[in-house]
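Colleague:
Protein chains in written order, with the numbering used here: chain A, 2 to 352; chain B, 67 to 391.
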């Protein structure tokens, strides 16, 4: 079997704690994360703030250093690439950010913004060829060619995101990393941008790493979904599997927390996950989710679960997934509403 | 059941932003009311004017904005009221919670001081009494280790905890009306669920009314009794939550609900979309502002703006070609 486009193995990214200035402690923002992305595939990456989604994207682009693990890109070791090789390779790994306006240079015209990647990566093109490529890309993302003379501030958020996507697509990347690329857009505009990305993928065949906290959008666009919690992959599954039969208690809680379009859903049915995600420097051993998990057992506090395959392409890191997925009503039913608890969720024993 | 007397009544409210000699309308003749014990949701996209309405109510509009019309709180006019009259209710009987809890708290004051200050100022309590009340409130909004939190600074708390603190501050003087402007937008989805649960519980525990401002129908669904949908500064539809979700009449309401990506049901490759974008607020529109994006629109819609009319069961609609009832 040939190697996938991108293969990430046991990746670890560390930051040092700013809380102890004199003896900074390193902690893992991303730990032991492994996944593949095939050419033309979209991997959705979900998780709450602080889960390490953006850090993971940055590590793939080598904007932050990885301290351990491997990133194989088109069969080559991305982490070992020299500066020049990496710079050339970046044309194939492009990024779209959340805030479209602040990621566009306010003093450059749209046409210049789109021509710049070509000047860098294809310096042999002449002015006319470059302009033709810019015009074609503008048309492809739904912007009239006459808008090339305008400045970013003259565009709406949705249009700016079209421009940012066009800029990322100019050098013909093999993968587009979208970091919350539709999160700041209005609901009515979100769908337009998601469909644009989908159409571009059908036409140009790039792979995507689609990072979002919006599970509904992720469901639309992804082929497979990776769920991050506390810097660790807790579940990876094909889209339909993840949304229909989530195996990790965190994935289930995340899906249950999304409000449905049902008026006055009885408040008894809603039992929100207690507590908040741990700070990355807090969890020392055991399962990262054990502090908030309704099903945590003694083993979960002491031994970190590793990803195990539970069905075709479906991996989960949970000691208790077998018991939880067994069709006993007690395990599947939402927890009974608990009385108001003023104490925080049990914290992990030190050490 | 006889409807309770309205706590807040807004009539013909207009908000204009002045730039040089031109005025840009952000809110165009909005009238609404909220009763004690009621939760009214205001839903609209960015630029629809949903926040500006309530910034006008609280006299927190930007310096170049002008509000006109009438805003009455238990019959007392607020818009033309002197500062002292406004300060008597604002922050005590009429309170507001914002989207970004970090910027709404003072960074260099401890949580306990920021909370107690409200009671010292509005209720004339001593600092000692006020701190005791603040501590009780932190427990009520279910903050872990409340004694420790009182001595902490805002940056030491998580986003969810800060929002609980802000809700706690807004409830200290037992308000008659709480305005929550996108209170969960900056929070993670599991924390969002906790805050909604908190608002739901606070509502059951008191008689206060709640105005919940959001861009997300899903979010207001679990809390609202009545929903007002805004588009380009005007109310396009207003109905009970049950009615609006089961039978949205305005094509915009209907399209917006369709656009919300679903977590269940058959997977669709393409997301449902609403073509185009909201009109530029600087441009004067004669007809229906939604007409250029509307699949039901006729020639009439582009010339003749539909008036907001009662359509029975307390619902209102501004549309020439509504969706079937």
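For every residue, glycine included, the Cβ atom is placed at its ideal position computed from N, Cα and C.
So, at 6 Å on beta carbons, what are the nonlocal neighbours of residue 232 of chain A in its own chain, with the 5 sequence-adjacent residues on each side left out?
Modeller: Excluding residues within five positions, the ones whose Cβ falls inside 6 Å are 29, 30, 31, 32, 53 and 281.
Colleague: Measuring alpha carbon to alpha carbon, tell me which of B/346, B/323 and B/246 ends up nearest residue 157 of chain A.
Modeller: Scanning B/346, B/323 and B/246 for the CA closest to the CA of residue 157 of chain A turns up B/346.
Colleague: Measure the C-alpha to C-alpha separation of residue 230 of chain A and residue 251 of chain A and round it to an integer number of angstroms.
Modeller: 8 Å
Colleague: Name the chain B residues whose beta carbon is nearer than 9 Å to that of residue 244 of chain A?
Modeller: Correct list: 329, 330 and 333.
Colleague: Check whether the region 213-230 of chain B touches the region 139-152 of chain B, taking contact to mean three or more Cβ pairs, one atom from each stretch, closer than 8 Å.
Modeller: no
Colleague: Could you work out which residue in B/302, B/324 and B/103 is closest to residue 312 of chain B when comparing CA atoms only?
Modeller: B/324
Colleague: At a CB-CB cut-off below 8 Å, which residues of chain B make contact with residue 258 of chain A?
Modeller: 255, 256, 258 and 259
Colleague: Considering only the alpha carbon of each residue, which of B/146, B/127 and B/238 lies closest to residue 115 of chain B?
Modeller: When only C-alpha atoms are compared, the closest one is B/127.
Colleague: Within 10 Å of its beta-carbon, does residue 133 of chain A have 16 or more other beta-carbons around it, so buried, or fewer, so exposed?
Modeller: exposed
Colleague: What residues from chain B crowd round residue 274 of chain A, counting only those whose CB sits closer than 8 Å?
Modeller: 256, 259 and 260
Colleague: Rounding to the nearest angstrom, what Cα-Cα distance links residue 132 of chain B and residue 192 of chain A in this structure?
Modeller: About 35 Å.
Colleague: Anyone know if the C-beta pair for residue 246 of chain B and residue 276 of chain B falls short of 8 Å?
Modeller: yes
Colleague: What separation, rounded to the nearest whole angstrom, lies between the Cα atoms of residue 194 of chain B and residue 73 of chain B?
Modeller: 32 Å
Colleague: Please state whether DSSP places residue 111 of chain B in a helix, a strand or coil.
Modeller: Secondary structure at residue 111 of chain B: coil, using DSSP grouped into helix, strand and coil.
Colleague: Can you confirm whether residue 325 of chain B, when its beta carbon is compared against all beta carbons of chain A, has any partner nearer than 8 Å?
Modeller: yes
Colleague: Verify the CB distance criterion: does residue 372 of chain B have a CB-CB separation below 8 Å to chain E?
Modeller: Within the model displayed, chain E is absent; protein chains A and B are what it includes.
Colleague: Within the same chain, show all residues whose beta-carbon is closer than 7 Å to that of residue 221 of chain A, passing over the 5 residues directly before and after it, in chain order.
Modeller: 195
Colleague: Would you kindly check if the distance between the Cβ of residue 46 of chain A and the Cβ of residue 211 of chain A is under 8 Å?
Modeller: Residue 211 of chain A is a Cβ neighbour of residue 46 of chain A, given a cutoff of 8 Å.
Colleague: Does the beta carbon of residue 255 of chain A come closer than 8 Å to any beta carbon on chain B?
Modeller: yes
Colleague: Count the other CB atoms within 10 Å of the CB of residue 77 of chain A; is the residue buried (16 or more) or exposed (fewer)?
Modeller: exposed
Colleague: Is residue 150 of chain A helix, strand or coil when you go by DSSP?
Modeller: helix
Colleague: Using a Cβ-Cβ cut-off of 8 Å (strictly less than) and excluding sequence neighbours within five positions of residue 39 of chain A, which residues of its own chain qualify?
Modeller: 5, 6 and 208
Colleague: Note down, in chain order, each residue of its chain lying with its Cβ closer than 6 Å to the Cβ of residue 55 of chain A, except the 5 sequence neighbours on either side.
Modeller: The answer, listed in chain order, is 180.
Colleague: Does the region 238-250 of chain A touch the region 307-320 of chain A, meaning 3 or more C-beta pairs lie closer than 8 Å?
Modeller: Contact between the region 307-320 of chain A and the region 238-250 of chain A is established, with three or more Cβ pairs separated by less than 8 Å.
Colleague: For residue 1 of chain A, which three-state DSSP category applies?
Modeller: Chain A is shown only over 2 to 352; residue 1 of chain A falls outside these bounds and no answer can be derived.
Colleague: Within 10 Å of its beta-carbon, does residue 332 of chain B have 16 or more other beta-carbons around it, so buried, or fewer, so exposed?
Modeller: exposed
Colleague: Quick one: which chain B residues come within Cβ less than 9 Å of residue 240 of chain A?
Modeller: Chain B residues near residue 240 of chain A: 333.
Colleague: Output needed in chain order: residues of the region 140-162 of chain A with a Cβ under 9 Å from some Cβ in chain B.
Modeller: 157, 158, 159 and 160
Colleague: So that I know if they touch, is there some Cβ in chain A lying closer than 8 Å to that of residue 322 of chain B?
Modeller: yes
Colleague: Going along the region 282-305 of chain B in order, which residues come within less than 9 Å of chain A, judged by CB to CB distance?
Modeller: 282, 283, 284, 285, 286, 287, 288, 289, 290, 291 and 293
Colleague: In chain B, what lies closer than 9 Å to residue 42 of chain A by C-beta?
Modeller: Correct list: empty, because the minimum Cβ distance to chain B is about 14 Å.
Colleague: Distance cutoff 8 Å, beta carbons only. Does residue 220 of chain B sit that close to anything in chain A?
Modeller: no
Colleague: Can you name the residues of chain A whose CB is closer than 8 Å to the CB of residue 124 of chain B?
Modeller: What residue 124 of chain B touches in chain A: nothing, since even the nearest Cβ is about 24 Å away.
Colleague: Check this for me: beta carbons of residue 167 of chain A and residue 138 of chain A, under 8 Å apart or not?
Modeller: yes
Colleague: Could you give the distance in angstroms between the alpha-carbon of residue 273 of chain B and the alpha-carbon of residue 306 of chain A?
Modeller: If you take the alpha carbons of residue 273 of chain B and residue 306 of chain A, they lie about 48 Å apart.
Colleague: Does residue 339 of chain B get closer than 8 Å to chain A when you measure Cβ to Cβ?
Modeller: yes
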